[in-house]
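> Note that my numbering has the sequence shown beginning at 2, numbered continuously upward. Here you go, one structure.
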Amino acid sequence: MNDPGLVAALDALHVAFGGYLARLRETWAAVPDDGAGSDVARLLAGVGMAPVASDDDRAAFAKAVDAMTTADGRFARLGDVLALDVGERLVVAAAWWADADPQLAVVLGCAHDDGGRRYASASLLRLVLAPFDVAVPPALPPDGALVRGGVVEDGAGPDRPLRLTPTALRVLAGLPPLATPQPSEEPVPRHAEPAERLALRLAADPRAVLLRGPRGAGGHALARAVAALLGRPAVEDARPAPELRLLARLEAALPVVEAARLEELAWAPGDGALLAYGGPADAPYGAHVVELRRPDPAARRAHWTAALRAAGFAEAAAADGAARLGARFAFAEEEIDRAVASAALDAAWAGRTPALDDVWQAARRQPEHELNRVASLVAPAFTLDDLVLPPDVRAQLDEVVAHVALQDVVLDDWGFRRRLPRGQGVAVLFGGPSGTGKTLAAEAVAAALGQDLYRIDLSSVVSKYIGETEKNLAVAFDEAERAAAVLFFDECDSLFGKRTEQHDAHDRWANLEVNYLLQRVETFTGLVILATNRRAALDEAFLRRLRFSIRFELPDAELRRELWRRAFPGAAPTDDLDLDALAAGELAGGPIQQAALSAAFLAAMDGAAVGPAHVDRALRREYEKLGKAWSAR
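Okay, here's the thing in structure tokens:
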């Protein structure tokens, strides 16, 4: 069924074009047919012709325009919402009917005196509507109501076609906007209250709102929930800004975009409701900001429980798994659902029912984090049992593992989380001379926890540009927290060094970096391991924030003997090695392993088993590297 406003507008166009073509025909007819040159004379007679309208035409045109402006329907609503004047409404109608009515297209070709130009143009409409005191600009400006409002496509000059945008065509045709398919899952419970508040505010005061928070805060899901409450489809595609603006002003849809598009959109207060979602550092560009947080451990635990039960886990297993997973992975609800679904697929591929270990491994694979930009993934090659350490150091490492693995018991079940607004994470310092096993211990702890270990890459983190180092560190901590990864700062004194008196701008910004680290370590909820052989160079404020400070000393003779025993794999041939004699040399575990490796290569070159001579030559080189005097034993 045709829209009544568009039908009335077509009547007005009939009058205007009819009068213009009749006047043009009269002008041409007045030129006598005197043979050669008469066609040229007729053509020249029409140049500069000022169209006129009879009283009957004016009355008919006014009646049609009155019907157009008072009619109900899609065309009238579009004109009212965008505050279009009569000329702009007739431009829209002409562009519509040029495609919808083949006869009007023929009329437009005749009016252009070019059968191939069957379209409306600004110059033609300006000419035929002038007798009715209706103004049409010679070209539609990009900041005008029609182009900026998303009705007419940009770039139409005076003689170029006026085309309606795809969105405007669907609106006038009564078709729903092409919206992004919505997920079928139930809304997230924690979004219910903020979504209702946002929907009420946007209904009363339509504007752009930026839902800003760390990854996993659920801004995207919250935006979809608001769209559902408003009863509008969420449009999340990359259509041009004017078309998004049109849908928003007509309340036909709710644009949902990434924060990166806000600058391009240049959304004004009168452009309607729009929701953007982004990270903590995204600029609002005029949008109202709503700060979001990731779901707390209790909310994560509840969603893990529901997801595991839905996947077929027994109640007890689901509760146990949800407690561990919720305390360790700072996932949003949709990430939890994806991890459980991935585990179910993996188990089905293997022909068995999913187990909690499948879910844990799927959760480790789930995060698409940015840690690789600022850190290197270290694949642990050692377990705690592989380390040769004094009993007290091994006991402290076991405690570190327990403090992370049992967070759900102590912090959640026993209520300590409420007493610790800060310091919920575990910060550990490994101090001691080089080669004493600090890096191996970090690997072994991560392996015991079943978590990924990321070594911070100082070349990627530290920047000469002001503020960039803090941004890179924020990425490292935020993504490690979300992905339950262990952060490892080797040679940490380069970042965690003592603050100094401020003598210049460099000192001030260096101190700001340390201040940021102090705050972020305190609010970090995961495990961060710092390693240094210069403990005295660390800022005292860091030491106060440590959960553990473990000293790695040079091994005694008994430990050195065990290190030498383990230095040669079982498949390596050895010949008459005196472990007690080798243990007499005061070396750390790192140099011992290096000496064993060098001795093995020397033996392989000789085509023999590793003997005392090979070890002596390797040890001499290790002592030279360390700047120590060597005396053969």
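Don't be surprised by glycine CBs; every beta carbon is placed ideally from N, CA and C. Bear in mind that the values here come from a model prediction, so they are computed numbers and not experimental data.
1. Within a Cβ cutoff of 6 angstroms, which residues of the same chain sit near G20, ignoring the five residues on either side of it in sequence?
2. Over the uninterrupted beta strand (DSSP E) stretch that includes T533, give me the two end residues.
3. Tell me the residue span of the alpha helix (DSSP H) that contains E194.
4. Please say whether L83 and L126 have beta carbons closer to each other than 9 angstroms?
5. Using a 10 Å radius around the Cβ and a threshold of 16 neighbouring Cβ atoms, would you call A261 buried or exposed?
6. For D638, I'd like the list of residues in its chain whose CB is within less than 8 angstroms of its CB, leaving aside the five on either flank, ordered along the chain.
7. According to DSSP, what are the bridge partners of H289?
8. Please say whether G220 and L212 have beta carbons closer to each other than 9 angstroms?
9. What residue range does the beta strand (DSSP E) around P256 cover?
10. Do the CB positions of L378 and D494 come within less than 9 angstroms of each other?
11. What residues are listed by DSSP as bridge partners for A235?
12. Would you kindly report the start and end of the unbroken beta strand (DSSP E) that includes Y624?
13. Hey, G628 and N534: beta-carbon distance below 9 angstroms or not?
14. Pull up the distance between the alpha-carbon of E154 and that of I457, whole angstroms please.
15. Per DSSP, what are the beta-bridge partners of S377 in this structure?
16. According to DSSP, I551 sits in a beta bridge with which residue or residues?
17. Where do the ends of the beta strand (DSSP E) carrying L543 lie?
18. Between the alpha carbons of Y517 and V291, how many angstroms are there, rounded?
19. Could you check what DSSP says for G322 in three-state terms: helix, strand or coil?
20. Extract the residue ranges of the beta strand (DSSP E) inside the stretch 81 to 129, only unbroken runs of 3 or more that lie entirely within it.
21. What residue does the beta strand (DSSP E) around G591 start on, and which one ends it?
22. In chain order, what residues of the same chain have a beta carbon less than 7 angstroms from the beta carbon of G116, not counting five sequence neighbours either side?
23. In this structure, what does DSSP give as the bridge partners for A277?
24. From the DSSP secondary-structure annotation, give me the bridge partner or partners of F490.
25. Go through its chain and collect everything with a Cβ distance to P281's Cβ below 7 angstroms, but skip five positions before and after it.
26. In whole angstroms, what separates the C-alpha of A582 from that of A299?
27. Quick check on the burial criterion: 16 or more other C-beta atoms within 10 angstroms. Buried or exposed for H504?
28. Figure out for me which residue from A449, V529, D576 and T437 has the closest Cα to the Cα of D479.
29. Using DSSP bridges, identify the partner residues of V405.
30. What would DSSP say about L79, mapped onto helix, strand or coil?
31. Residues in the same chain with beta-carbon distance under 7 angstroms from V16, minus the five sequence neighbours each way, listed in chain order, please.
32. Using the Cβ count rule (16 or more neighbours within 10 Å means buried), how would you classify S122?
33. Classify V227 as buried or exposed, calling it buried when 16 or more other Cβ atoms lie within 10 Å of its own Cβ.
34. Note down the Cα distance separating A447 from E259, rounded to an integer number of angstroms.
35. Can you find the residues in the same chain that come closer than 8 angstroms, C-beta to C-beta, to E264, ignoring five residues on each side of it along the sequence?
36. Taking buried to mean at least 16 other C-beta atoms within 10 Å of its own C-beta, is G608 buried or exposed?
Inspection of the coordinates gives the following:
1. The residue given as residue 20 occupies position 19 in the sequence shown. Counting only Cβ-Cβ distances below 6 angstroms, and skipping sequence neighbours, we find A54 and D58.
2. Counting from 1 along the sequence shown, the entry for residue 533 is found at position 532. That run of the beta strand (DSSP E) goes L528 to T533.
3. Residue 194 sits at position 193 when you count from the first residue of the sequence shown. Under the DSSP assignment, E194 falls in the alpha helix (DSSP H) whose first and last residues are A193 to A205.
4. Counting from 1 along the sequence shown, the entry for residue 126 is found at position 125. Counting from 1 along the sequence shown, the entry for residue 83 is found at position 82. With respect to the 9 angstroms criterion, L126 and L83 are not classified as neighbours on the basis of their beta carbons.
5. Here the question's residue 261 lines up with position 260 in the sequence shown. Label assigned to A261: exposed.
6. Because the chain here runs from 2 to 634, residue 638 falls outside it and cannot be looked at.
7. Along the sequence shown, read from residue 1 onward, the residue named residue 289 stands at position 288. Answer by DSSP bridge pairing, in chain order: V210.
8. Residue mapping note: residue 212 aligns to position 211 of the sequence shown, counting from 1. Residue mapping note: residue 220 aligns to position 219 of the sequence shown, counting from 1. Their beta carbons are under 9 angstroms apart, which means L212 touches G220 by this criterion.
9. As a first step, residue 256 is located in the sequence shown; it is residue number 255 there, counting from the start. Residues L255 to E259.
10. Working through the sequence shown from its first residue, we reach residue 378 at position 377. Working through the sequence shown from its first residue, we reach residue 494 at position 493. By the CB criterion at 9 angstroms, L378 and D494 fall outside the cutoff.
11. Taking the sequence shown and counting its residues from 1, the one referred to as residue 235 is at position 234. DSSP output for A235 lists L255 as bridge partner(s).
12. The sequence position of residue 624 within the sequence shown is 623, counting from 1. Note, Y624: premise wrong, no beta strand (DSSP E); alpha helix (DSSP H) at P613 to L627.
13. For the purposes of this step, residue 628 is taken as the residue at position 627 of the sequence shown. For the purposes of this step, residue 534 is taken as the residue at position 533 of the sequence shown. By the CB criterion at 9 angstroms, G628 and N534 fall outside the cutoff.
14. On the sequence shown, residue 154 is found 153 positions in, with the first residue counted as 1. On the sequence shown, residue 457 is found 456 positions in, with the first residue counted as 1. C-alpha separation (whole angstroms): 50 angstroms.
15. If you number the sequence shown from 1, residue 377 lands on position 376. The partner list for S377 (beta bridge, DSSP) reads R456.
16. Indexing the sequence shown from 1 puts residue 551 at position 550. Beta-bridge pairing links I551 to F431.
17. To locate residue 543, count along the sequence shown from 1; it is residue 542. Per the sequence shown, the amino acid found at residue 543 is Phe instead of Leu. Segment E541 to R545 is the alpha helix (DSSP H) holding F543; no beta strand (DSSP E) there.
18. In the sequence shown, counting from the first residue as 1, residue 517 sits at position 516. In the sequence shown, counting from the first residue as 1, residue 291 sits at position 290. The straight-line gap separating the alpha-carbon atoms of Y517 and V291 is approximately 23 angstroms.
19. Stepping through the sequence shown from its first residue, residue 322 is reached at position 321. In the structure shown, G322 adopts helical secondary structure according to DSSP, grouped into three states.
20. As far as the stretch 81 to 129 is concerned, it has no whole beta strand (DSSP E) run of at least 3 residues.
21. Taking the first residue of the sequence shown as 1, we reach residue 591 at position 590. Unbroken run through G591 is the alpha helix (DSSP H), G590 to D607; no beta strand (DSSP E).
22. Position 115 of the sequence shown holds residue 116. If the five residues before and after G116 are omitted, its C-beta is found closer than 7 angstroms to the C-beta atoms of G110, all from its own chain and listed in chain order.
23. In the sequence shown, residue 277 corresponds to position 276, counting from 1. By DSSP's assignment, A277 forms a beta bridge with L211 and V258.
24. Here residue 490 corresponds to residue number 489 of the sequence shown, with the count starting at 1. According to DSSP, F490 bridges with L531.
25. Residue mapping note: residue 281 aligns to position 280 of the sequence shown, counting from 1. Excluding the 5 residues flanking it on each side, P281 has same chain C-beta neighbours closer than 7 angstroms at R213, G214 and P215, in chain order.
26. Taking the sequence shown and counting its residues from 1, the one referred to as residue 582 is at position 581. Taking the sequence shown and counting its residues from 1, the one referred to as residue 299 is at position 298. Straight-line Cα distance between these residues: approximately 57 angstroms.
27. Sequence index remark: in the sequence shown, residue 504 carries index 503 (1-based). Low local confidence applies: a pLDDT of 45 at H504 is under 50, so the model's placement there is unreliable, and no value is given.
28. As a first step, residue 479 must be located in the sequence shown, where it is residue number 478. With distances taken between Cα atoms, D479 lies closest to V529.
29. On the sequence shown, residue 405 is found 404 positions in, with the first residue counted as 1. Its beta-bridge partners do not exist; DSSP assigns none.
30. As a first step, residue 79 is located in the sequence shown; it is residue number 78 there, counting from the start. DSSP, reduced to helix, strand and coil, places L79 within a helical segment of the structure shown.
31. The residue you call residue 16 lines up with position 15 of the sequence shown. Excluding sequence neighbours, V16 sits near D58, A61, F62 and A65.
32. Sequence index remark: in the sequence shown, residue 122 carries index 121 (1-based). Classification of S122: buried, given that the 10 Å Cβ count is 16 or more.
33. Taking the sequence shown and counting its residues from 1, the one referred to as residue 227 is at position 226. Classification of V227: buried, given that the 10 Å Cβ count is 16 or more.
34. By one-based count along the sequence shown, residue 447 stands at place 446. By one-based count along the sequence shown, residue 259 stands at place 258. The straight-line gap from Cα to Cα measures roughly 35 angstroms.
35. Stepping through the sequence shown from its first residue, residue 264 is reached at position 263. The residues A284 and Y286, in chain order, have a CB closer than 8 angstroms to that of E264 in the same chain once the five nearest residues on each side in sequence are set aside.
36. Working through the sequence shown from its first residue, we reach residue 608 at position 607. With fewer than 16 neighbouring CB atoms inside 10 Å of its own CB, G608 falls in the exposed class.
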